[in-house]
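Heads up, the thing below is written out as structure tokens.
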Amino acid sequence: MKKIRILLVLCFILCLSDSVKNSCDDNVELFKLNDKWCKYWYYQYGLSRHVDPVTNKRLTAKKVCNAGLAVGFWESDYNSNQIVYEPKVSGNSYGTYGLLSTTAKVLGWNGKDPKELLNPEINAKFSMKYFCEHLDKYEGNIMYAMAAYNAGRCRIRKGKIRNQYYVDNVYPIYVSYNHLRK
Numbered sequence: 010m011k012k013i014r015i016l017l018v019l020c021f022i023l024c025l026s027d028s029v030k031n032s033c034d035d036n037v038e039l040f041k042l043n044d045k046w047c048k049y050w051y052y053q054y055g056l057s058r059h060v061d062p063v064t065n066k067r068l069t070a071k072k073v074c075n076a077g078l079a080v081g082f083w084e085s086d087y088n089s090n091q092i093v094y095e096p097k098v099s100g101n102s103y104g105t106y107g108l109l110s111t112t113a114k115v116l117g118w119n120g121k122d123p124k125e126l127l128n129p130e131i132n133a134k135f136s137m138k139y140f141c142e143h144l145d146k147y148e149g150n151i152m153y154a155m156a157a158y159n160a161g162r163c164r165i166r167k168g169k170i171r172n173q174y175y176v177d178n179v180y181p182i183y184v185s186y187n188h189l190r191k
């Protein structure tokens with residue numbers, strides 16, 4: 010039974026890899042912005058000092074970039090013009106990474122119109138800052154950072170992820186990117 014489960018997971022990752030590879034080809038500019046801001050915040054927060062507890066390997070800038078891309082893929086399928094109403098926060102999320110205007114303001118964005126967050130440069134800058142803050146807080150744990158990115162800072166308590174569904178869907182995308190973007 011365990012072998013079958015492992016085989017199913019591998020098949021899922023391989024199928025996902027094709028989907029991810031196609032999206033890589035279509036979104037070169039977005040990937041460049043993602044990598045630019047991921048690397049910037051990676052060094053600002055000194056994330057190289059952390060070890061990912063899942064892989065037991067040092068966190069690299071490339072892995073952080075791949076995690077950011079996985080979040081963007083799941084949040085919007087790389088649609089930089091996406092606006093989604095979020096009922097739990099009674100507001101909209103904007104752009105590729107599904108960034109809330111309230112979160113962007115906490116991170117230092119001083120724009121007046123939330124639609125400015127549809128600008129891919131602004132969206133990537135503040136979304137990756139938010140993601141890297143979580144990576145730093147959770148000492149390099151990519152799964153916890155993904156969960157906190159999606160549900161907010163207070164949603165992870167005593168090592169328990171409250172939105173496991175999100176992590177279960179985004180983490181395999183991250184694994185695929187690590188395989189495709191070495």
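Each residue of the sequence shown is one higher than the one before, counting from 10 in the working numbering. All residues carry an ideal CB built from backbone N, CA and C; glycine is no exception. Here the structure is a predicted model, which is why all the values come from computation and not from measurement.
In the pairwise beta carbon analysis, the region 103 to 110 is classified as touching the region 134 to 150: at least three pairs are separated by under 8 Å.
By the criterion of a C-beta distance shorter than 6 Å, residue 44 is surrounded in its chain by 74, once the five residues flanking it on both sides are discounted. Residue 65 is classed as exposed because its beta carbon has fewer than 16 other beta carbons within 10 Å across all chains shown. The continuous alpha helix (DSSP H) containing residue 81 extends over residues 70 to 85. The straight-line gap separating the alpha-carbon atoms of residue 126 and residue 166 is approximately 29 Å.
Distances from the alpha-carbon of residue 131 to those of 118, 180, 37, 155 put 118 closest.
Here residue 122 carries a coil assignment [DSSP, helix/strand/coil].
Taking 3 residues as the shortest admissible run, the region 100 to 187 contains the following complete beta strand (DSSP E) segments, listed from N- to C-terminal end: 100 to 103. In the same chain as residue 144, and ignoring 5 residues on each side of it, the C-beta atoms closer than 6 Å to its own belong to 56, 154, in chain order. For residue 67, the beta-bridge partners assigned by DSSP are 60. For residue 54, no beta strand (DSSP E) run applies, since DSSP gives it neither H nor E.
One thing to note: residue 89 has its Cβ no nearer than 8 Å to the Cβ of residue 123.
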